[in-house]
Each structure stands twice: as structure tokens, then as C-alpha cells.
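Q: Residue numbers for the sequence shown follow our numbering, beginning at 1 and rising by one. Built from N, CA and C at the ideal position, the CB exists for glycine as well. Treat the numbers as computed from the prediction; the structure is a model and nothing was measured. Okay, here's the structure, questions in a sec.
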Amino acid sequence: MQVRLAAISEAPALVSLINAAFRVEKFFIDKDRIDMVQVEAFFGSGFFLVAADDAGLAACVYVEQRADRGYFGLLSVDPDRQKTGLGKRLVEAAEEHCRKLGCRAMDLQIVNLRRELPAFYQRLGYVETGTGTFPPDVVTKLPCHFVRMSKPL
């Protein structure tokens, strides 16, 4: 499995992969996680790392430099390939890219309703640093907010 930078030409495959991975959120939100316009916009402010093999994209993560801090989000693993270490591998690759860019810390945010996620990121060295409001234009079935997490690099 190769980890590499994604090309913008892979945007359709990224949309499919991200939406498949985020289907677990259907219990609190009805809409797809992302669309083509959003993915293309992300290429303007950061980059996607992908894990790919002959079968196609298996996982991806969005990475962005924000001054001396890195940020990642949209960590997505094909549902048939979850629990294989791909998520951890992509987080580590994102951290390494940000280290090379001179970042001193890495940030992320997760939805509080995804109760399994804090423990996953804590095992990778992240700690909770605060909360944030969910976008007001996104209609949810349940009240929710973001949990922010960070890690020194």
C-alpha cells in the first residue's frame, strides 16, 4: 500500500471514499459529508494524502498548514479496509509532512457524537484542547459540537 499525495483528478474518487467512510454519521446527519465542489476547494488550501493500491484508493486524509501548526481532517478509510492500521498510518504521514513544513503542533476536530474517536486519537498522542460550534447551516438530527484535539510534533 503506497501513501502519496492525491491529484486533483482523483477528486471524484475522494468524494466517494469520504462519503462511504462517513456513512456511520447518518444517525445524526442526513446529508453526504462532502461533494465535488468542496473537495476541489480543499485542494486550494491544502492537500490530500491517500493510501492506494492496485484496487484504488483505500484511505485519505486532508492536511493543511496553518502558520506553525498543521491541521488534518476528513480521515477516511474504505469501510471494507477499516481496522487494518490505515487510519493510523495516514495520521502519521500527515504529521511527518507537517513536520517537514516546520509545524510545531498538529490539530484536528471531531464531532462529539462519534464517541469512539477520542480514544483513537488519544492513542496517537492527541489531547482534548477545547470545543467548537457545529456549522449553523448544517441541519442535524441531534445536538452536537466539535471537540478539538492537538499534539506537539
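What's the gap between the Cα of ASP68 and the Cα of LEU101?
A: To locate residue 68, count along the sequence shown from 1; it is residue 68. To locate residue 101, count along the sequence shown from 1; it is residue 101. Straight-line Cα distance between these residues: approximately 8 Å.
Q: Do you know how far the Cα of ILE18 is from the Cα of GLY56?
A: Position 56 of the sequence shown, counting from 1, holds the residue named residue 56. Position 18 of the sequence shown, counting from 1, holds the residue named residue 18. Using only the alpha carbons, I get a separation of about 14 Å.
Q: Pull the bridge partners of GLU64 from the DSSP assignment, please.
A: Locating residue 64 in the sequence shown gives position 64, where the first residue counts as 1. Answer by DSSP bridge pairing, in chain order: TYR71.
Q: Report the CB separation of ALA105 from LYS151 in whole angstroms; it is logged as a contact under 8 Å.
A: For the purposes of this step, residue 105 is taken as the residue at position 105 of the sequence shown. For the purposes of this step, residue 151 is taken as the residue at position 151 of the sequence shown. Distance from ALA105 to LYS151 at the Cβ level is roughly 7 Å; contact confirmed, criterion being Cβ atoms closer than 8 Å.
Q: Is the CB-CB distance between VAL3 and ALA93 below 8 Å?
A: Taking the sequence shown and counting its residues from 1, one reaches residue 3 at position 3. Taking the sequence shown and counting its residues from 1, one reaches residue 93 at position 93. For VAL3 and ALA93, yes; Cβs fall inside 8 Å.
Q: Indicate whether PHE47 and LEU5 have their beta-carbon atoms separated by less than 8 Å.
A: Numbered from its first residue, the sequence shown carries residue 47 at position 47. Numbered from its first residue, the sequence shown carries residue 5 at position 5. Contact flag set, yes.
Q: Could you tell me which residues DSSP pairs with ASP53 in its beta bridges?
A: What you label residue 53 is simply residue 53 of the sequence shown in a count that begins at 1. ASP53 is bridged to GLY56.
Q: What is the residue span of the alpha helix (DSSP H) that ARG89 lies within?
A: Walking along the sequence shown from the start, residue 89 turns up at place 89. 86-100 is the extent of the alpha helix (DSSP H) around ARG89.
Q: Just to confirm the assignment, what range does the alpha helix (DSSP H) spanning GLN38 have?
A: Counted from its first residue, the sequence shown places residue 38 at position 38. Its alpha helix (DSSP H) spans residues 36-42.
Q: Note down the Cα distance separating LEU108 from PRO143, rounded to an integer number of angstroms.
A: Here residue 108 refers to the residue found at position 108 when the sequence shown is read from its first residue. Here residue 143 refers to the residue found at position 143 when the sequence shown is read from its first residue. Straight-line Cα distance between these residues: approximately 20 Å.
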